[in-house]
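Q: Provided herewith is a single structure, encoded as structure tokens, for subsequent inquiry.
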Amino acid sequence: MIRSIRYIGLAMLSTAAILAGTAGQASASTKVYNALSQYLSASPSDGMATACHSKRSSLVDDDYVWAGFFYSKVNGTFVEPELRNIHLGAGDYTWTDCLKPKDGYYIHTSTLDPDNPAWKTASVSEIVVLYPLLPGGETIWGSQLIR
0 MIRSIRYIGL AMLSTAAILA GTAGQASAST KVYNALSQYL SASPSDGMAT
50 ACHSKRSSLV DDDYVWAGFF YSKVNGTFVE PELRNIHLGA GDYTWTDCLK
100 PKDGYYIHTS TLDPDNPAWK TASVSEIVVL YPLLPGGETI WGSQLIR
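Quick note: the sequence shown, position 52, residue 51 per numbering that gives the first Met the number 0, numbers continuous.
Spelled out as structure tokens, the structure:
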């Protein structure tokens with residue numbers, strides 16, 4: 000499901016909190032991140048390479064909010080579009096995020112592939128327009144699971 004996201008709500012978050020995978024003391028929720036820091040163009044095009052990153056995660060049996068995020072190291076803007084609610088069983092997963100440049104926007108896809116062969120791989124996608132909210136430049140991006 001590809002969903003166009005309008006970035007209405009903004010939250011400021013430090014780079015350290017994103018990379019550490021913590022939500023801060025004010026939140027009772029737990030956040031786990033799959034994050035990559037890299038240069039992103041404010042004006043992407045079809046000819047640019049797709050960027051992907053993966054990690055292994057051990058998750059507990061629970062309900063999660065699966066959300067994307069983009070944090071600009073240039074101006075400190077943090078956007079966190081909610082993608083879907085999902086129930087995940089306890090176990091190990093390969094978590095992959097990819098960002099495919101298109102003409103003027105990106106397609107962000109996040110996938111959770113469980114080690115348990117009886118469970119299906121889950122995937123979400125969104126359309127991401129960085130400019131004018133995020134100016135391009137060094138950006139931490141990926142997805143998160145919030146429980």
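The beta-carbon is built from N, C-alpha and C at its ideal position, and this holds for glycine as well. These figures come from a predicted structure and were not determined experimentally.
Under 7 Å between the Cβ atoms of D114 and N33?
A: Result no, Cβ atoms of D114 and N33 do not sit closer than 7 Å.
Q: Decide if the segment 97 to 105 is in contact with the segment 70 to 84; the criterion is three or more beta carbon pairs, one per stretch, under 8 Å apart.
A: Touching, no, given that fewer than three Cβ pairs across the two stretches are closer than 8 Å.
Q: State yes or no: is the C-beta of S53 within less than 7 Å of the C-beta of D91?
A: Their beta carbons are not under 7 Å apart, which means S53 does not touch D91 by this criterion.
Q: Which residue's Cα is closest to the Cα of A41: V127, G141, R146, Q143?
A: The candidate whose alpha carbon is nearest that of A41 is V127.
Q: Report yes if the C-beta distance between L82 and A66 is below 7 Å; otherwise report no.
A: Yes, these two residues count as a Cβ contact at 7 Å.
Q: Give me the DSSP bridge partner(s) of N84.
A: Paired residue(s): V64.
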